[in-house]
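See below for the structure under consideration.
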Amino acid sequence: MPELPEVETIKRELEKVVLGKKITGVTIHNQKVIREPQVDKFKKGIIDATIKNIIRKAKLLILELSNGNSLAIHLKMTGQLVYPGDGKSARVSFHLSDGKSLDFNDQRLFAELRLIDDWSALKFIQGLGPEPFDITESRFNKMLSNKKTKIKPLIMDQTFISGIGNLYAAEALFRAKVHPERPANSLSDKEKSLLFQEIKDTLKEAIENKGSSVDQYVQVSGKPGGYVKFHKVYDRQGKPCLVCGTPVKRIALGGRGTFYCPKCQQ
DNA sequence: AATGGGACCTGCGCGC
DNA sequence: TGCGCGCAGGTCCCAT
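The first sequence begins at 10 in this note's numbering and counts up one residue at a time.
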């Protein structure tokens, strides 16, 4: 599932392969993913525009076009952007001036495409908390200190801090040796600081390895990301903790699968 | 205010 | 071999 590192990887790759190209046509195979505006307006607002700039905000990808419009893409769980596309599993194909196409795939149809004139006015954008790289350690520590809620759902709350999803929340908490059910304000200053550092390091290392290919995520080239082999707890229930050998546990927390080492994480 | 659950979806893996 | 069911998770929405 694309989180900040996966979306950042896609952004960097798109900059290499589609930036500066003109969108000459759009084929919509399934209009469910087009959330706004209406399909024909969507097409009209894109065709003949050039991709001028590519931005990532948390897990949202934004393609700024030469005509003043922006295409905002949220991949949710199974969204993919593939270039050059073959159209086979595309929900939407963007045909480009180089004769190739950028395919938007999405097996589960959860993803959202929006064409708007001002992406910064999107409700989703306005509600986003800061990304981990945009705040200081002391700010992070202060943000946690007045929150009684469980730490894992809290760091996955995009309005609190943005970019972290289920996978990297689990990995960062393991690395910081913090139990996912700890109330946020029960962490010591030392634990808060370590967690903040581990969140940043985990995301950074995942970006360096071009993301984690679990479920559907692939790079724009179609290649899988390389970070899965570094996972310590995610999807490893029953397997020995790589630090102490205790079987990794899986619980449901906030309706989400949560993986942790019951011995290392207290 | 915080928390929990359901909805949105599809395909996969499991048990029988 | 085949069928039904639970599950996967990002975000929104509603209820408590």
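Even glycine gets a Cβ: it sits at the ideal position worked out from N, Cα and C.
Because the structure is a prediction, the values reported are computed rather than measured.
Just measuring C-alpha positions, the residue of F239, I82, R245 sitting nearest S221 is F239.
Residue pairing for K31: DSSP places it in a beta bridge opposite T59. DSSP places I125 within a strand segment (E or B) once states are collapsed to three. In this structure, the alpha-carbon of R259 lies about 16 Å from that of G174. Around the beta carbon of Q89, a 10 Å sphere encloses 16 or more other beta carbons of the protein chains shown; the residue is thus reported as buried. Rounded to the nearest angstrom, the gap between the Cα atoms of N150 and D115 is 37 Å. Taken in chain order, the unbroken stretches of beta strand (DSSP E) that lie wholly in the region 64 to 98 and span 3 residues or more are 69 to 74, 79 to 83, 88 to 91. DSSP links D107 through a beta bridge to no other residue. Separation of I208 and G138 (C-alpha to C-alpha, rounded to the nearest whole angstrom) is 15 Å. In the displayed model, E217 falls within a helix according to three-state DSSP. DSSP links E12 through a beta bridge to no other residue. For E45, the enclosing beta strand (DSSP E) stretches over residues 43 to 45. DSSP, reduced to helix, strand and coil, places S171 outside both helices and strands of the structure shown, so it counts as coil.
If you compare the alpha carbons of P233, L262, M10, D244 with that of R117, the shortest gap goes to M10. The three-state reading of DSSP puts F119 in coil, since its state is none of H, G, I, E or B. Pairing R44 with E146 gives a Cβ-Cβ distance that is not under 8 Å.
Distance check between S75 and each of R265, V48, K30 places K30 closest, using alpha-carbon atoms only.
When secondary structure is reduced to three states using DSSP, V48 falls in the helix class. When DSSP states are grouped into helix, strand and coil, L262 belongs to the strand group.
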